[in-house]
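Numbering (my numbering), first residue to last: 1 to 377.
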């Protein structure tokens, strides 16, 4: 093996490993942090899965290109190309799904969609079914085995007509997504231009999330457009287009896109950044979203129960949270180091009674509390 090929292979595989690990960390962060348990983040997690799949596809490409190309069988040729096709189609379909979800959510004045988890899962399954189908199209019926003059120079055994169709379809999808996001940003800025305090927090959250998604879309379009243009030129001009000269350069740019998204999340999303730190540095302390500060918008005050005996004072803080989406209550107990040996003669059963009593009284939804107030003022 040529030393230059060994260096290229080593660097390429190292980048692929980093891509896989970085996107795997994004998926773990979204799974572990409860504040990310919304449809938009599930779709971004699926996009991270597509980028992780792209890292695997590029690793396979690195090990089956250059001096190893002549050893490939026809089936290996199709597998190598199909993996790249599947990863690109999955990424494009995910971005399109995110665009539709954001458009529907923003236009209805919401931060997160009310789409159920079952529908999100069904949407993700459909994305991968379509991606796998598009990856298998060239190997099943749309190839140039029966017409060698129609073969591509960049992707041998692929029909030039298929490359034209695939490139135009993806470029058209890019244009539609950019137009949708531009309309969303214009609507958000015009809708929340008035400085009403009741809408400032909501508008800032919407803008921050939209900026992150728009950066992901922009990076994807910048990284993949050159490759799609090369495929389009190859399909239209064939050998006269000399598309194979720029093939490797475009592949490198496309591979970088799978590494860009985790960097965008880290630099632009503070909650994602803190979750990454928790995963890497101190996993035993828990994750953001499981232990978070109270919000003046969605959290209610924290009633205290104080036990005093001699010089010892123990406080039990019952924190009651009402998320705006599900209105599910939760409470947390802090600053109580020994529940069974409190001074003053409290037994475990008596302390358990206080826990259940205050949790029952304060953690019921707001409407139930109103109903109880009539019976027990």
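Every residue gets a Cβ at the ideal spot worked out from N, C-alpha and C, and that includes glycine. From a predicted model like this one, the values you see are computed outputs, not experimental measurements.
Between residue 27 and residue 48 a beta carbon distance of about 5 angstroms is seen, short of the 8 angstroms cut, so the two are scored as contacting. Less than 8 angstroms divides the Cβ of residue 227 from the Cβ of residue 251.
Annotated three-state conformation of residue 33 is coil, per DSSP. In the structure shown, the three-state DSSP call for residue 158 is strand. Listed as beta-bridge partners of residue 151 by DSSP are 159. At a Cβ-Cβ threshold of 8 angstroms, residue 52 and residue 12 do not count as neighbours. Residue pairing for residue 143: DSSP places it in a beta bridge opposite 158. A check of alpha carbon separations from residue 182 across 151, 123 and 100 identifies 100 as the nearest. The DSSP-derived three-state label of residue 212 is helix.
For residue 72, the secondary structure class from DSSP, reduced to helix, strand or coil, is coil. Between the alpha carbons of residue 136 and residue 82 lies a distance of about 6 angstroms.
Looking only at 64, 121, 84 and 218, the smallest Cα-Cα distance to residue 264 is reached by 218. Considering only 42, 158, 75 and 22, the residue with the shortest C-alpha distance to residue 54 is 22. Comparing alpha carbon positions, the residue from 145, 102, 161 and 242 closest to residue 180 is 102.
The alpha-carbon of residue 44 is positioned some 14 angstroms away from that of residue 271. For residue 279, the uninterrupted alpha helix (DSSP H) run begins and ends at 270–280, by DSSP. Sixteen is the threshold: when 16 or more other Cβ atoms of the shown chains lie within 10 Å of the Cβ of residue 255, as they do, the residue is buried. Here DSSP, grouped into helix, strand and coil, assigns residue 78 to helix. For residue 55, the uninterrupted alpha helix (DSSP H) run begins and ends at 39–62, by DSSP. For residue 170, the closest of 187, 20 and 220 by C-alpha to C-alpha distance is 220.
In the three-state reduction of the DSSP assignment, residue 91 falls in the helix class.
The closest CA to that of residue 138, considering only 78, 36 and 213, is found on 78.
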